[in-house]
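**Q** Note that the sequence shown ends on residue 237 in this note's numbering; no numbers are left out.
Each residue gets a CB set at the ideal place from its N, CA and C atoms; glycine is no exception.
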Amino acid sequence: MTSVHGPRGTEGPFSDEERDYILARGVGRLATIGPDGTPHVRPVGFRLNADGTIDIGGPRLGTTQKYRNVLADSRATFILDDVAPEGPESPRPGRGRGIEIRGRAEALAGRRPLAPHHSDELIRIRPKRVITWNLSAGRPELNGRDVT
Numbered sequence: 090m091t092s093v094h095g096p097r098g099t100e101g102p103f104s105d106e107e108r109d110y111i112l113a114r115g116v117g118r119l120a121t122i123g124p125d126g127t128p129h130v131r132p133v134g135f136r137l138n139a140d141g142t143i144d145i146g147g148p149r150l151g152t153t154q155k156y157r158n159v160l161a162d163s164r165a166t167f168i169l170d171d172v173a174p175e176g177p178e179s180p181r182p183g184r185g186r187g188i189e190i191r192g193r194a195e196a197l198a199g200r201r202p203l204a205p206h207h208s209d210e211l212i213r214i215r216p217k218r219v220i221t222w223n224l225s226a227g228r229p230e231l232n233g234r235d236v237t
């Protein structure tokens, strides 16, 4: 379900390496803030757009807690991670690696669904901060930066 509109090197908040990592993942985790202030985390399907925004979709998305949470509080975090494979390309084989995208989310209706069985509601995340860990041999540690 992950797709991108636009070539590598397209302007946006992600490096080509980060973009490739995002596109190689099929499922991410969306964290929103629940009514009582506690985190609400769910696995979600997504689409990376050419401008660097991330669209979250799902069946009956407009009826879900995550959608209601975004309507009430736009703060959201999207995380993609895995275990680094063995090999010379991996900075730390066998250890966790990933990307955390913090930003503001919008609850949108009347949009093109991400998949045929999804509803026409989307949650769109506009990245404000990107944190990566163990994505490349040149930067094996935790790295964070603010983005516009």
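Can you tell me whether Gly147 is buried or exposed? The criterion is at least 16 other CB atoms within 10 Å of its CB, across all chains shown.
**A** Here residue 147 refers to the residue found at position 58 when the sequence shown is read from its first residue. Buried.
**Q** For a test of the three-state rule: what should DSSP assign to Glu175, helix, strand or coil?
**A** As a working note, residue 175 is residue 86 in the sequence shown. The answer is coil: DSSP assigns Glu175 none of H, G, I, E or B.
**Q** Would you kindly work out how many angstroms separate the C-alpha atoms of Ile240 and Asp171, rounded to a whole number?
**A** The structure shown does not extend to residue 240, since the chain spans only 90 to 237, so no value can be given for it.
**Q** Helix, strand or coil for Gly126? Go by DSSP, reduced to three states.
**A** Counted from its first residue, the sequence shown places residue 126 at position 37. Residue state, collapsed to three classes: coil.
**Q** Count the other CB atoms, across all protein chains shown, that sit within 10 Å of the CB of Gly185; report buried if there are 16 or more and exposed otherwise.
**A** By 1-based counting over the sequence shown, the position of residue 185 is 96. Exposed is the call here.
**Q** Give a yes or no on whether the C-beta atoms belonging to Leu203 and Arg114 are separated by under 8 Å.
**A** Working through the sequence shown from its first residue, we reach residue 203 at position 114. Working through the sequence shown from its first residue, we reach residue 114 at position 25. Taking 8 Å as the Cβ cut-off, Leu203 and Arg114 do not qualify as a contacting pair.
**Q** CA-CA distance, Ala194 and Asn232?
**A** On the sequence shown, position 105 is the one that residue 194 refers to. On the sequence shown, position 143 is the one that residue 232 refers to. Between Ala194 and Asn232, the C-alpha separation is close to 23 Å.
**Q** Exposed or buried, which one is Gly141 when buried takes at least 16 other CB atoms within 10 Å?
**A** Within the sequence shown, residue 141 is the residue found at index 52, counting from 1. Label assigned to Gly141: buried.
**Q** Could you tell me which residues DSSP puts in a beta bridge with Gly185?
**A** Against the sequence shown, residue 185 aligns to sequence position 96. Beta-bridge pairing links Gly185 to Val172.
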